[in-house]
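Protein chains: 2
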Amino acid sequence: MANPTAAMLVIGDEILSGRTRDANTHHLAGELARVGIDLRETRIISDDETAIIAAVQALSATYQHLFTSGGIGPTHDDITADAVAFAMGVSIDIRDDARAVLQDYYDRSGQELNAARLRMARIPEGASLIDNPVSAAPGFTIGNVHVMAGVPRIFEAMVASVLPSLTGGSPLMTQSLDVHRGEGDVAEQLAELAAQFPDLSFGSYPYQRDGAHGTNIVVRGADGVLVDKAMTQLARIFG
Amino acid sequence: MANPTAAMLVIGDEILSGRTRDANTHHLAGELARVGIDLRETRIISDDETAIIAAVQALSATYQHLFTSGGIGPTHDDITADAVAFAMGVSIDIRDDARAVLQDYYDRSGQELNAARLRMARIPEGASLIDNPVSAAPGFTIGNVHVMAGVPRIFEAMVASVLPSLTGGSPLMTQSLDVHRGEGDVAEQLAELAAQFPDLSFGSYPYQRDGAHGTNIVVRGADGVLVDKAMTQLARIFG
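Those sequence lines, one after another, are chains A and B. Sequential numbering from 1 applies to the first sequence in my numbering. Sequential numbering from 1001 applies to the second sequence in my numbering.
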């Protein structure tokens, strides 16, 4: 059976303005490969309500899972929860269970659960909460959309909270071979091999080290036996 | 006058599988901010012809510029040039000027310009070449789509080649203030300030250092005088 598909939506002006380098896509990509969910697309958009709604609707309709990062904090530009609720056609309000989690956290840390922080208890109707062991304010899953924080440490904790609840598939098996030849010199034989293994993906990544050209050939696929077979042939051709 | 808008399209299985961390978006974001072109969206997709065609058509129709990275090397999975030609409705073939650039480079480096490498001279009809001072094989601009290599060193060189030919706008001015208070404690006053400056963008990025909560407040906009004004008020409120 084919693996479930997924997309990632990164929400934040700070990425598109060049201030911040997105780290969450790379983390999620690795975690999804491990559990056998195929990440097919990532989009990065700004903190713009119309853009968020359009992207959530398009991606949640196309893929089996959509993971979002960013825009669920306490400030005026944290509009992801409301935009996702609108995109999914449900209402949103402060929810008692989310409020209780926040109240407990701020009580213990001696900070005030003020109006701004209470916004983080706004949860779309019918959503289930995603646990945040770092800073309490929860993410949530509504339909096939998993809404998580942008701060990498919190995002990673939320991914760890939500992934065990999802049905994965065959983990992506990856093997690679380093060939001391330029990419243009391996291309023809690599194409022939790729044609023999239509269920595998063959990537080639050129590099230059101490002035010499080399190519890192990567074979990826869900079937480990097939990947082994291709690697044996690769080694015979280029080894 | 409003700044020109742009999108970025990163093409490559290696990003979505978690093997490689995309570095090109962050580089382009910084360069575009400097010349006053507003990066509004980034998409990362796999080396899939249908996906590339759909993304190129959608993004080139929505934004004034589209920059792509990846998939223009010599191997079987380098299908970006052909997919972009299809998306833009033009033919593609080996072009003499691109072939001459490659022939000269491989002659000088004592390597063979074989059939695989010659694929890198495939240029859509009507495109102009983007200079590649690193490894010769050119990028190209067709319509409002700028097609560049995925290897970061080459991508960056191509960005440097193409940017001077584009009309920019007002560079994005950015200033920031570090406040030793939690994000939830600055949110209310920050929202009031943001409402006073609708032409500016106010971002807030929480952090924890030595156990203490802090927030980095970032003010962005095309009008430097306005940004200065907002920073003065910020400092009065939180300083």
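All residues carry an ideal CB built from backbone N, CA and C; glycine is no exception.
Query, Result
"Contacts that Val-218 of chain A makes with chain B (C-beta to C-beta distance below 9 Å)", "Asp-1013, Glu-1014, Ser-1017, Arg-1019"
"Three CB pairs or more closer than 8 Å across the segment 1064-1071 of chain B and the segment 1144-1156 of chain B", "yes"
"Thr-1042 of chain B, enclosing beta strand (DSSP E) - first and last residue", "1038-1045"
"Short CB-CB distance (under 8 Å) between Thr-174 of chain A and chain B", "yes"
"Interface flag, Arg-1122 of chain B vs chain A, CB-CB below 8 Å", "no"
"Entirely enclosed alpha helix (DSSP H) segments - the segment 107-168 of chain A, minimum 4 residues", "115-118, 152-162"
"Cβ pair Ala-83 of chain A, Pro-138 of chain A closer than 8 Å", "no"
"Beta strand (DSSP E) segments (min. 3 residues) lying fully within the segment 22-84 of chain A", "38-45, 65-69"
"When B:Thr-1080, B:Ala-1194, B:Asp-1048, B:Ile-1037 are compared against Gln-1064 of chain B, the one with the closest alpha-carbon", "B:Ile-1037"
"Within chain B, partners of Leu-39 of chain A - CB distance below 7 Å", "Leu-1016"
"Per-residue contacts from Gly-71 of chain A into chain B (C-beta, under 7 Å)", "In chain order: nothing, as chain B lies at least about 11 Å away."
"CA-to-CA distance, Gly-203 of chain A to Glu-41 of chain A, given in whole angstroms", "17 Å"
"Burial state of Ser-17 of chain A (16 or more Cβ within 10 Å)", "buried"
"Against chain A: residues of the segment 1196-1207 of chain B by CB proximity under 9 Å", "Ser-1201, Phe-1202, Gly-1203, Ser-1204, Tyr-1205, Pro-1206, Tyr-1207"
"Residues of its chain near Gly-1182 of chain B, where Cβ-Cβ distance is below 6 Å and the 5 sequence neighbours each way are ignored", "His-1213"
"For Phe-1197 of chain B, three-class secondary structure by DSSP", "coil"
"Cβ-heavy atom distance, Leu-1226 of chain B to the ligand SAM, below 7 Å", "Ligands displayed in this structure: none; no statement on the ligand SAM is therefore possible."
"8 Å contact criterion, which Leu-66 of chain A and Leu-9 of chain A should meet: CB distance rounded", "6 Å"
"Closer than 9 Å at the beta carbon, the chain A residues around Ile-1079 of chain B", "In chain order: nothing, as chain A lies at least about 12 Å away."
"Asn-1216 of chain B and Asp-1178 of chain B closer than 8 Å at C-beta", "yes"
"Limits of the beta strand (DSSP E) - the one that Ala-1007 of chain B falls within", "1005-1011"
"Test item: CB-CB of Ile-1123 of chain B and Ala-1081 of chain B under 8 Å", "yes"
"Closest by C-alpha distance to Val-90 of chain A, when choosing among A:Phe-238, A:Ala-116, A:Gly-126", "A:Gly-126"
"Local conformation of Met-1231 of chain B per DSSP, three classes", "helix"
"Inter-stretch contact (C-beta, 8 Å, three-pair minimum) for the segment 1010-1029 of chain B and the segment 18-25 of chain A", "yes"
"Burial state of Gly-1012 of chain B (16 or more Cβ within 10 Å)", "buried"
"Residues within the segment 1138-1157 of chain B neighbouring chain A, beta-carbon criterion of under 8 Å", "Val-1151"
"Integer-rounded CB distance, given that Ala-1085 of chain B should sit under 8 Å from Ile-1092 of chain B", "4 Å"
"Proximity test, Cβ basis, 8 Å: Gly-184 of chain A and chain B", "yes"
"Integer-rounded CB distance, given that Thr-1174 of chain B should sit under 8 Å from Arg-1209 of chain B", "Not really, about 21 Å apart at Cβ, beyond 8 Å."
"Alpha-carbon spacing of His-1076 of chain B relative to Thr-1050 of chain B, whole angstroms", "16 Å"
"The segment 1184-1198 of chain B contacting the segment 101-121 of chain A, beta-carbon criterion three pairs below 8 Å", "yes"
"Close beta carbons around Ala-222 of chain A, own chain, < 6 Å, minus the five adjacent residues each side", "Ser-170"
"Chain A contact residues for Ser-1170 of chain B, given Cβ-Cβ distances below 9 Å", "None at all; the shortest Cβ gap to chain A is about 14 Å."
"Chain B within 8 Å of Leu-166 of chain A, Cβ atoms only", "no"
"Buried versus exposed, by CB contacts within 10 Å (16 or more), Pro-198 of chain A", "exposed"
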